[in-house]
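**Q** Input: one structure, supplied below.
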Amino acid sequence: MFRKNMKKEPELFQNVSEGLRRLYRTKLFPLEDAYRFHDFHSPALEDADFDNKPMVLLVGQYSTGKTTFIRHLMEQDFPGMRIGPEPTTDSFIAVMHGDQDGVIPGNALVVDPKKPFRKLNAFGNAFLNRFMCAQLPNPVLESISIIDTPGILSGEKQRISRGYDFAAVLEWFAERVDRIILLFDAHKLDISDEFSEVIRALKNHEDKMRVVLNKADQISTQQLMRVYGALMWSLGKIINTPEVVRVYIGSFWAQPLLVPDNRKLFEAEEQDLFVDIQSLPRNAALRKLNDLIKRARLAKVHAYIISSLKKEMPSMFGKDSKKKELISNLGEIYHKIEKEHQISPGDFPNLAKMQELLNGQDFSKFVALKPKLLESVEDMLANDIARLMALVRQEETNAPSQTVQGGAFEGTKSGPFGHGYGEGAGEGIDELEWVVGRDKPTYDEIFYTLSPINGKVSGAAAKKEMVKSKLPNTVLGKIWKLADVDKDGLLDDEEFALANHLIKVKLEGHELPPTLPDHLVPPSKRGTALQA
Numbered sequence: 158m159f160r161k162n163m164k165k166e167p168e169l170f171q172n173v174s175e176g177l178r179r180l181y182r183t184k185l186f187p188l189e190d191a192y193r194f195h196d197f198h199s200p201a202l203e204d205a206d207f208d209n210k211p212m213v214l215l216v217g218q219y220s221t222g223k224t225t226f227i228r229h230l231m232e233q234d235f236p237g238m239r240i241g242p243e244p245t246t247d248s249f250i251a252v253m254h255g256d257q258d259g260v261i262p263g264n265a266l267v268v269d270p271k272k273p274f275r276k277l278n279a280f281g282n283a284f285l286n287r288f289m290c291a292q293l294p295n296p297v298l299e300s301i302s303i304i305d306t307p308g309i310l311s312g313e314k315q316r317i318s319r320g321y322d323f324a325a326v327l328e329w330f331a332e333r334v335d336r337i338i339l340l341f342d343a344h345k346l347d348i349s350d351e352f353s354e355v356i357r358a359l360k361n362h363e364d365k366m367r368v369v370l371n372k373a374d375q376i377s378t379q380q381l382m383r384v385y386g387a388l389m390w391s392l393g394k395i396i397n398t399p400e401v402v403r404v405y406i407g408s409f410w411a412q413p414l415l416v417p418d419n420r421k422l423f424e425a426e427e428q429d430l431f432v433d434i435q436s437l438p439r440n441a442a443l444r445k446l447n448d449l450i451k452r453a454r455l456a457k458v459h460a461y462i463i464s465s466l467k468k469e470m471p472s473m474f475g476k477d478s479k480k481k482e483l484i485s486n487l488g489e490i491y492h493k494i495e496k497e498h499q500i501s502p503g504d505f506p507n508l509a510k511m512q513e514l515l516n517g518q519d520f521s522k523f524v525a526l527k528p529k530l531l532e533s534v535e536d537m538l539a540n541d542i543a544r545l546m547a548l549v550r551q552e553e554t555n556a557p558s559q560t561v562q563g564g565a566f567e568g569t570k571s572g573p574f575g576h577g578y579g580e581g582a583g584e585g586i587d588e589l590e591w592v593v594g595r596d597k598p599t600y601d602e603i604f605y606t607l608s609p610i611n612g613k614v615s616g617a618a619a620k621k622e623m624v625k626s627k628l629p630n631t632v633l634g635k636i637w638k639l640a641d642v643d644k645d646g647l648l649d650d651e652e653f654a655l656a657n658h659l660i661k662v663k664l665e666g667h668e669l670p671p672t673l674p675d676h677l678v679p680p681s682k683r684g685t686a687l688q689a
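Numbered by the numbering used here, the letters in the sequence shown go through residues 158 to 689 in order.
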């Protein structure tokens with residue numbers, strides 16, 4: 158009796174993966190199992206789902222450059238790779254790290270407990286014959302895995318000829334991956350019916366979605382603006398969310414640009430996309446935590462729906478007619494649950510899909526509401542998740558910076574081809590002469606109009622000149638801190654020239670450096686700056 162009344166001890170976790178696994182097995186899975194969640198929404202999670210590396214899913218119509226994009230990231234061919242203008246990739250290929258090159262066919266892949274694909278078995282042989290894993294030793298794959306998908310075609314015939322539910326398979330992957338990249342070809346923007354269906358199937362995963370407008374070097378700037386506008390308009394109609402999805406424009410392969418006019422734009426866009434992909438390992442635990450929360454919220458709503466249907470069913474006669482009536486009135490049941498349990502409408506499963514799935518179910522096997530199972534999930538969401546969140550932050554702090562290394566990610570890291578090298582505050586980085594010296598005569602003329610005393614101007618005098626740039630005080634304050642190298646609250650002629658140079662850098666649209674780079678330190682201050 159005494160034990161029963163004692164306050165429950167909080168769960169203790171060694172790490173995030175182990176914590177997620179234990180919470181799922183002990184608190185969420187029993188609720189899912191009791192209310193047949195796996196028959197309606199998503200198969201049960203396995204250990205590999207919590208331990209696997211971040212995955213990137215590539216989706217697009219045929220010949221948009223999906224396979225070429227993977228090859229560009231890794232800078233290496235992978236087993237089973239085929240590239241061409243016709244629909245070449247007819248399989249789902251999981252490109253993963255391995256000690257040597259090799260291919261694992263789908264049927265063998267879904268029985269491997271170390272791979273997160275066991276539940277794909279449910280899609281049958283037609284799919285498994287079109288699924289494989291390409292393994293190879295590549296530094297990029299040490300941090301992430303990439304899923305290449307068959308090119309999406311247009312026309313009803315193509316959909317039927319697949320022999321499996323293509324959209325359902327993509328939805329299965331979407332739930333488990335960390336990033337979904339939709340690729341479009343700047344030359345052919347028409348979004349086929351199947352592609353629209355696929356994008357709608359990914360509807361609950363907009364936070365993972367990024368769009369790449371590929372082969373943008375093949376058209377002029379004017380055409381590119383029109384194509385970009387058309388793409389945003391088309392996506393707005395399909396995705397139907399208030400947020401604008403992030404679109405990266407470029408030419409993602411290692412070939413010369415056909416129309417080089419937009420080179421700087423393409424470089425900046427590629428860099429942004431690479432930063433986004435490189436952040437995946439660091440954010441993987443947070444993504445798994447977020448997905449578990451989403452799953453738990455859906456499982457709770459599902460339990461309320463199933464138990465409500467069970468409650469309404471007669472015990473003896475008229476079961477079939479009552480079942481039909483309940484399915485047709487499912488929208489009203491949703492509304493009732495929403496009001497009774499204060500649940501957001503966005504947490505409910507798709508109405509039409511749920512009605513379709515309920516048609517094939519035996520309502521007599523449904524169970525009534527089990528408050529203890531729901532309380533356990535509520536406790537997980539209210540308490541355990543908060544503790545895991547703290548552990549996520551702790552792991553991020555303790556672990557070395559986790560980013561994707563190797564392949565194309567190395568090409569822009571350092572040297573003269575690094576992103577932004579020699580531009581803005583980096584201008585003159587490898588020159589012998591002080592880069593500010595070029596314009597110093599002009600800045601000196603202004604300096605001497607400010608009546609310097611002992612070769613220096615006061616902060617008040619410098620401010621009058623600096624505010625003419627119309628930059629905000631927060632920016633000018635930072636420029637002052639960088640330019641006042643000797644920290645005496647005054648500016649000599651070199652420091653004043655430096656301040657004006659940094660104003661020019663900012664006005665040209667570049668960011669200011671957090672600290673003054675060595676090549677910008679005035680020549681007379683170089684020894685002092687090093688000592689400071």
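Glycine included, every Cβ here is placed at the ideal spot set by N, Cα and C.
Would you tell me roughly how many angstroms separate the C-alpha atoms of Leu177 and Arg193, rounded to the nearest one?
**A** If you take the alpha carbons of Leu177 and Arg193, they lie about 21 angstroms apart.
**Q** Please name the residue in Ala654, Ser608, Lys496 whose C-alpha comes closest to that of Met623.
**A** Residue Ala654 is the option with its Cα nearest to Met623.
**Q** Following the continuous beta strand (DSSP E) through Met389, name the residue where it begins and the one where it ends.
**A** Unbroken run through Met389 is the alpha helix (DSSP H), 378-396; no beta strand (DSSP E).
**Q** How far does the alpha helix (DSSP H) with Leu446 in it extend, from its first residue to its last?
**A** Run containing Leu446: 437-469, per the alpha helix (DSSP H) assignment.
**Q** Using the Cα positions of Asn162 and Lys529, report the straight-line distance between them to the nearest angstrom.
**A** Residue placement at Asn162 is flagged as unreliable, the pLDDT there being 42, under the threshold of 50; a coordinate-derived value is accordingly withheld.
**Q** Name the two residues that bound the continuous beta strand (DSSP E) containing Arg367.
**A** Where Arg367 is concerned, the enclosing beta strand (DSSP E) stretches over 366-371.
**Q** In angstroms with no decimal places, state the Cα-to-Cα distance between Arg179 and Leu443.
**A** Each residue's alpha carbon lies about 16 angstroms from the other.
**Q** Given a cut-off of 7 angstroms, decide if Glu332 and Ser220 are closer than it, judged by their beta-carbon atoms.
**A** Their beta carbons are not under 7 angstroms apart, which means Ser220 does not touch Glu332 by this criterion.
**Q** State buried or exposed for Gln292, treating a residue as buried only when at least 16 other CB atoms are found within 10 Å of its CB.
**A** Flag for Gln292 reads buried.
**Q** Which residue comes first and which comes last in the beta strand (DSSP E) that contains His198?
**A** Segment: none, His198 is in no beta strand (DSSP E) and carries neither H nor E.
**Q** Give the secondary structure of Phe226 by DSSP, where H, G and I count as helix, E and B as strand, and everything else as coil.
**A** The answer is helix: DSSP assigns Phe226 an H, G or I state.
**Q** What residues match up with Leu648 in a beta bridge as DSSP calls it?
**A** In the DSSP output, where bridge partners are listed per residue, Leu648 has Val614.
**Q** With DSSP run on the structure shown, which of helix, strand or coil describes Met158?
**A** Low confidence applies to Met158: its pLDDT is 38, below 50, so where it sits in the model is not reliable enough to give any reading.
**Q** If you compare alpha carbons, which of Lys184, Val297, Leu215, Asp208 is closest to Gln233?
**A** Minimum Cα distance to Gln233 is reached at Val297.
**Q** Relative to the alpha-carbon of His498, which residue among Ser521, Ala460, Asp643, Gln375 has its alpha-carbon at the smallest distance?
**A** Among Ser521, Ala460, Asp643, Gln375, the Cα nearest to that of His498 belongs to Ala460.
**Q** Taking Cβ positions, are Gln218 and Ile309 nearer each other than 7 angstroms?
**A** Yes, these two residues count as a Cβ contact at 7 angstroms.
**Q** Do you know how far the Cα of Asn295 is from the Cα of Val129?
**A** Nothing in the structure corresponds to residue 129, since the chain is present only between 158 and 689.
**Q** Can you find the residues in the same chain that come closer than 6 angstroms, C-beta to C-beta, to Phe226, ignoring five residues on each side of it along the sequence?
**A** Cβ within range, chain order: Phe409.
**Q** Using a Cβ distance threshold of 8 angstroms, determine whether the segment 588-604 contacts the segment 471-483, with at least three qualifying pairs required.
**A** As far as the Cβ criterion goes, the segment 588-604 does not touch the segment 471-483, which means the pair count is below three.
**Q** Compute the beta-carbon to beta-carbon distance between Asp645 and Lys682, rounded to the nearest angstrom, for a pair I have assumed lies under 8 angstroms.
**A** The pair is not a contact, with the Cβ atoms about 11 angstroms apart (cut-off 8 angstroms).
**Q** Below 7 angstroms CB to CB, which residues in the same chain sit around Ala453 once its five sequence neighbours on both sides are set aside?
**A** Closer than 7 angstroms at Cβ, skipping near neighbours: Leu185, Val534, Met537, Leu538.
**Q** Hey, how far is the Cα of Ser174 from the Cα of Gly517?
**A** Their backbone Cα atoms lie some 36 angstroms apart in a straight line.
**Q** If we ignore side chains and look at the alpha-carbon of each, how far apart do Tyr321 and Val524 end up?
**A** Approximately 31 angstroms between the Cα atoms of the pair.
**Q** Taking the alpha-carbon positions, what's the Lys314 to Met470 distance?
**A** Note on Lys314: pLDDT 47, under 50, position unreliable in the model; no value is reported.
**Q** Could you tell me the alpha carbon to alpha carbon distance between Leu430 and Asn371, rounded to whole angstroms?
**A** In a straight line, the C-alpha of Leu430 is about 12 angstroms away from that of Asn371.
**Q** Taking Ala205 and Lys272 to be in contact with their CB atoms under 8 angstroms, please state how far apart those CB atoms are, rounded to whole angstroms.
**A** That belief holds up - the Cβ atoms of Ala205 and Lys272 are roughly 6 angstroms apart, short of 8 angstroms.
**Q** Between Leu422, Glu299, Ser626, Tyr491, which has its C-alpha nearest Gln435's C-alpha?
**A** Checking every option, the nearest Cα to that of Gln435 belongs to Glu299.
**Q** Give every residue of the same chain whose Cβ lies closer than 6 angstroms to the Cβ of Leu633, excluding the five residues on either side of it in the sequence, and list them in chain order.
**A** Once the five neighbours on either side are set aside, the close Cβ partners of Leu633 are Met623.
**Q** To the nearest angstrom, how far is it from the Cα of Asp703 to the Cα of Ala373?
**A** Outside the displayed span of the chain (158 to 689) sits residue 703, for which this structure offers no information.
**Q** Quick one, which of Asn286, Gly222, Val326 has its alpha-carbon nearest Lys694's?
**A** An answer regarding residue 694 cannot be provided, because it is not within the stretch 158 to 689 covered by the chain.
**Q** Between Met289 and Val260, how many whole angstroms is the CB-CB distance? I'm expecting something under 8 angstroms.
**A** About 6 angstroms separates the two Cβ atoms, so the contact holds.
**Q** Any idea if Ile610 is buried or exposed, counting beta-carbon neighbours within 10 angstroms, 16 or more meaning buried?
**A** Ile610 comes out exposed.
**Q** Curious, which full-length alpha helix (DSSP H) runs of at least 4 residues does the segment 324-365 contain?
**A** With a minimum length of 4 residues, the continuous alpha helix (DSSP H) runs that stay inside the segment 324-365 are 350-358.
**Q** Once the 5 residues before and after Ile603 are set aside, which same chain residues still bring their CB inside 7 angstroms of it?
**A** Hits under 7 angstroms: Glu622.
**Q** Would you mind sorting Asn419 into buried or exposed? The rule is 16 or more other CB atoms within 10 Å of its CB.
**A** Asn419 is buried by the Cβ-count criterion.
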